[in-house]
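**Q** Quick note on UniProt numbering: the sequence shown kicks off at 1 and runs consecutively.
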Amino acid sequence: MEGGWAEASENIEQKVDTVNTTDEEDEMEMTFQEMLLYIANCGVTIQSQQIGDEEISIQDRIQILTETFSQKPVIFLERYHRILRLEDLPCFSHLSHIYEVDFYMKEVRKKSNTRTSNVQRKNRRYEALKKLETDGEYFSDEQMRSRDPLMYEHYIGQYLTDEERAKLRKEIDQTDLKLSTILTEFMEEADIKLLQQQQKEDEEMVEEEDEEEEEDEEESEEEEMEQDSVKAFGACGGFHCFCFSRIKLDILKSTIRAK
1 MEGGWAEASE NIEQKVDTVN TTDEEDEMEM TFQEMLLYIA NCGVTIQSQQ IGDEEISIQD
61 RIQILTETFS QKPVIFLERY HRILRLEDLP CFSHLSHIYE VDFYMKEVRK KSNTRTSNVQ
121 RKNRRYEALK KLETDGEYFS DEQMRSRDPL MYEHYIGQYL TDEERAKLRK EIDQTDLKLS
181 TILTEFMEEA DIKLLQQQQK EDEEMVEEED EEEEEDEEES EEEEMEQDSV KAFGACGGFH
241 CFCFSRIKLD ILKSTIRAK
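#1: In this structure, how does DSSP classify residue 55 when only helix, strand and coil are distinguished?
#2: Helix, strand or coil for residue 72 per DSSP?
#3: Assuming residue 89 and residue 108 are in contact, meaning their beta carbons sit under 8 Å apart, how far apart are those beta carbons, in whole angstroms?
#4: I need the straight-line Cα distance from residue 225 to residue 214, nearest angstrom please.
#5: Buried or exposed: residue 61, going by 16 or more other Cβ atoms within 10 Å of its Cβ?
#6: Take the Cβ of residue 45 as the centre, count every other Cβ of all protein chains shown within 10 Å, and call the residue buried at 16 or more, exposed below.
#7: Return the chain-ordered list of same chain residues with a C-beta closer than 7 Å to the C-beta of residue 65, the five sequence neighbours on each side being excluded.
#8: Indicate the three-state DSSP secondary structure (helix, strand or coil) for residue 196 in the structure shown.
#9: By a C-beta neighbour count over all protein chains shown, 10 Å radius and 16 as the cutoff for buried, is residue 97 buried or exposed?
#10: For the alpha helix (DSSP H) holding residue 148, just list the boundary residues, first then last.
#11: Would you call residue 59 buried or exposed, if buried means 16 or more other Cβ atoms sit within 10 Å of its Cβ?
#12: Go through its chain and collect everything with a Cβ distance to residue 146's Cβ below 6 Å, but skip five positions before and after it.
#13: Expressed to the nearest angstrom, what Euclidean distance is found between the alpha-carbon atoms of residue 56 and residue 76?
#14: In whole angstroms, give me the CA-to-CA distance for residue 187 and residue 216.
#15: Can you tell me which of the three DSSP states residue 112 falls into?
#16: Using the Cα positions of residue 271 and residue 140, report the straight-line distance between them to the nearest angstrom.
#17: Of all the options 82, 125, 114, 94, which has the alpha carbon lying nearest to the alpha carbon of residue 104?
#18: By how many angstroms is the C-alpha of residue 154 removed from the C-alpha of residue 260?
#19: Please classify residue 126 as buried or exposed, where buried requires at least 16 neighbouring CB atoms within 10 angstroms.
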């Protein structure tokens with residue numbers, strides 16, 4: 001497949017700027033071949049196949065991609081721009097004056113920037129998490145309890161001894177016995193208990209609402225069953241009344257004939 005990029009470019013209607021040096025040609029050819037190999041191995045559909053057809057080899061896939069690039073570069077970009085990388089864009093630089101090509105190249109850059117931003121954001125979060133773990137504060141019992149006291153109590157607190165519970169409360173700093181400092185520590189502890197109480201009430205309220213919904217559903221089902229039973233009984237009752245009336249009429253006719 002040597003010379004694939006150069007040969008493909010010659011068939012495009014727009015004139016391609018001649019590469020000035022052999023090194024640049026070799027570099028572009030390498031970039032082109034790497035792009036084709038990358039697309040061929042991505043698992044995307046290169047050519048329609050029927051069930052039972054033999055799988056197209058990588059070499060054949062590259063040949064088809066080369067022909068598509070040569071004959072229909074815009075179609076090539078339309079099909080594969082979603083999986084192209086920034087390093088593949090130089091293969092289309094000579095076509096950037098075409099509106100569609102320029103559009104898809106911008107889409108590739110935009111996607112790449114978004115992916116880079118997401119990776120950077122995840123990396124920052126990971127570094128921040130590692131710092132919190134290293135500092136040993138964020139995941140300490142004290143910090144976890146202050147953030148979500150009810151959850152902490154549910155998973156950890158209820159299993160602690162009285163001595164361990166006492167250690168959770170901030171010890172008064174003997175070097176700082178200012179009234180303001182002592183009050184602040186007491187207020188922080190009171191806030192934690194208040195938050196825990198509010199969380200507990202909210203949880204109980206949700207449980208009550210769920211129970212009421214279940215009861216309403218059960219009552220609704222019972223009412224439907226009762227209505228179905230009444231309808232069924234009404235139908236059967238009507239039939240029995242009809243049969244009883246016919247029997248009475250037959251008895252009356254028999255009595256009259258006997259007389």
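Positions of the beta carbon are idealized from the N, C-alpha and C atoms, including for glycine.
Keep in mind that this is a model prediction, so the values were computed, not measured.
**A** In short:
#1: coil
#2: coil
#3: 6 Å
#4: 17 Å
#5: buried
#6: exposed
#7: 36, 39, 40, 46
#8: helix
#9: exposed
#10: Segment: none, residue 148 is in no alpha helix (DSSP H) and carries neither H nor E.
#11: exposed
#12: 192
#13: 18 Å
#14: 43 Å
#15: helix
#16: An answer regarding residue 271 cannot be provided, because it is not within the stretch 1 to 259 covered by the chain.
#17: 82
#18: No statement about residue 260 is possible, as the shown extent of the chain runs from 1 to 259 and does not include it.
#19: exposed
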